[in-house]
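*Asks:* In the numbering used here, the protein residues as written are -8 to 71. For glycine and all other residues, C-beta sits at the position ideal for the given N, C-alpha and C.
1. Assuming the contact rule is C-beta atoms closer than 8 angstroms, residue 140 and residue 25 should be a hit. Round their C-beta distance to whole Å, please.
2. Could you check how far apart the C-beta atoms of residue 56 and residue 27 are, in whole angstroms? I think they sit under 8 angstroms.
3. Could you check the C-alpha separation between residue 0 and residue 12 for me, to the nearest Å?
4. Give me, in chain order, the residues of the same chain whose beta-carbon lies closer than 8 angstroms to that of residue 16; leave out the 5 immediate sequence neighbours on both sides.
5. Note the first and the last residue of the continuous alpha helix (DSSP H) segment covering residue 36.
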C-alpha cells in the first residue's frame, strides 16, 4: 500500500515537472508566435531586423503584413 502511494505521488510529481518544463519551453522559445500572423513572429528566428524595421516605418505596414506575400496561399498555419 505504501509503495503504491509513492508510485502515485511520483507520477504526479513527474507529470507536474514535465508540464512546467513544457510551459517554460513554450514561453522561452516564443513557440506560440509561430501560429500567429504577427510580423514580429518572423524575427524570432529569421535575421531580418532591418527589413522588419523598414516595413514597420513605411506606409506599406498599413497595406499588408509579411505573411500576405511570404506565406504560401492556402497555408492554414499563421492565418489566425
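*Replies:* Considering the structure as presented:
1. Nothing can be reported for residue 140: it is not among the residues displayed for the chain, which extend from -8 to 71.
2. One-based indexing of the chain shown puts residue 56 at position 65. One-based indexing of the chain shown puts residue 27 at position 36. Not a contact, Cβ separation roughly 10 angstroms.
3. Locating residue 0 in the chain shown gives position 9, counting from the first residue. Locating residue 12 in the chain shown gives position 21, counting from the first residue. Distance between the alpha carbons of residue 0 and residue 12 is about 18 angstroms.
4. Position 25 of the chain shown holds residue 16. Excluding residues within five positions, the ones whose Cβ falls inside 8 angstroms are 22.
5. By one-based count along the chain shown, residue 36 stands at place 45. Here residue 36 belongs to no alpha helix (DSSP H), and DSSP marks it neither H nor E.
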